[in-house]
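To start, the structure itself, in structure tokens.
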Amino acid sequence: MRLFSDFKFLLFPTRCFGCRELDYSICSKCRKLWNPHLYQSRVSNLAVYSSISYSPVAKNILLAAKEQSVKSADQLVSNAIKASLYELFQKHPSCALVPIPSGRTSNRRRGREFVNEMAISVARDFGVAVLPILEHQRIIRDQSRLNISSRRENLAMGLSIKPEFLGKYSGENLVILDDLVTTGATINEANRALTRGGFVVKAAATACVALRRRE
Ligand SMILES: [Zn+2]
-14 MRLFSDFKFL LFPTRCFGCR ELDYSICSKC RKLWNPHLYQ SRVSNLAVYS
36 SISYSPVAKN ILLAAKEQSV KSADQLVSNA IKASLYELFQ KHPSCALVPI
86 PSGRTSNRRR GREFVNEMAI SVARDFGVAV LPILEHQRII RDQSRLNISS
136 RRENLAMGLS IKPEFLGKYS GENLVILDDL VTTGATINEA NRALTRGGFV
186 VKAAATACVA LRRRE
């Protein structure tokens, strides 16, 4: 049995949001798993920089940040994105960040645009702009609850450039930003929409990468 010296913990026991074990908000085992490394993968011709290998624990941490707005989970995701961007900017400096938009229904449920918020929180550190250029062509279901084949189907509907960004900023160097890359379908679609809109996409960055589930 573990002993907790914190009196508050005895009154309000909490569970680790990574593994659900009785512990502080994140236990040391899960904290160790969320240790940024550089993972570089490719989606078509685009280099994708990530820093955390996706696992059941990583999934729970992402969900705690996205769905429950757990502050320390937000911090972990933001640190992972920073680690990915740090490597990316060595090769492609001064690119503006383009967050992948989430579906409208998930925004309504969460009350916030998660990836956009993450982008804003890290952009300051690198002195780059955040350009929320992309939107969904149609209302889609939340990706995180879909399996891979449904994801592909879901994304066939596609992303497009918001009307207010058409003809502006074209020629600007961009980095696509998302929390997770699995099949690469989302990043591929974002790359297609941005390139078609006259933008120059240099690379993509995510917090997590699903290493064994790539296409
Ligand atoms: Zn844990």
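So the sequence shown is residues -14 to 200, counted in the numbering used here.
C-beta atoms are modelled at their ideal positions from N, C-alpha and C, and glycine is treated no differently.
Assumed close pair residue i, residue j - CB separation to whole angstroms, cut-off 8 Å
i	j	result
valine 55	alanine 81	Actually they are not in contact, since the Cβ atoms of valine 55 and alanine 81 sit about 28 Å apart, beyond 8 Å.
valine 194	tyrosine 39	6 Å
asparagine 64	proline 117	Not a contact, Cβ separation roughly 22 Å.
tryptophan 19	leucine 47	Actually they are not in contact, since the Cβ atoms of tryptophan 19 and leucine 47 sit about 10 Å apart, beyond 8 Å.
valine 115	glycine 156	The pair is not a contact, with the Cβ atoms about 18 Å apart (cut-off 8 Å).
Whole-angstrom distance between residue j and residue i, CA atom to CA atom
i	j	result
glutamine 25	threonine -1	35 Å
glutamate 200	isoleucine 172	Per-residue confidence for glutamate 200 stands at a pLDDT of 42, beneath the threshold of 50, marking its modelled position as unreliable; the derived number appears in the next sentence. Glutamate 200 and isoleucine 172: Cα-Cα distance of roughly 13 Å.
alanine 178	valine 42	32 Å
glycine 182	glutamate 98	23 Å
alanine 58	serine 87	18 Å
lysine 17	serine 79	31 Å
leucine 73	alanine 104	14 Å
alanine 188	leucine 7	40 Å
tyrosine 154	histidine 121	20 Å
alanine 192	leucine 162	9 Å
Limits of the unbroken beta strand (DSSP E) element including residue i
i	result
leucine 162	158 to 166
lysine 147	No beta strand (DSSP E) holds lysine 147; DSSP gives it neither H nor E.
glutamine 193	In the sequence as displayed, the identity of residue 193 is cysteine instead of glutamine. Residues 185 to 194.
leucine 119	119 to 121
Range covered by the alpha helix (DSSP H) that runs through residue i
i	result
proline 41	41 to 51
serine 98	A small fix is needed here, since residue 98 is glutamate in this sequence, not serine. Segment: none, glutamate 98 is in no alpha helix (DSSP H) and carries neither H nor E.
tyrosine 71	56 to 76
arginine 181	170 to 181
Please determine if the region 29 to 41 and the region 60 to 70 are in contact, where contact requires at least 3 C-beta pairs separated by less than 8 Å. yes
At least 3 beta-carbon pairs within less than 8 Å: the region 3 to 22 vs the region 159 to 175: Taking a cut-off of 8 Å for Cβ pairs, the region 3 to 22 and the region 159 to 175 do not touch, as fewer than three such pairs fall below it.
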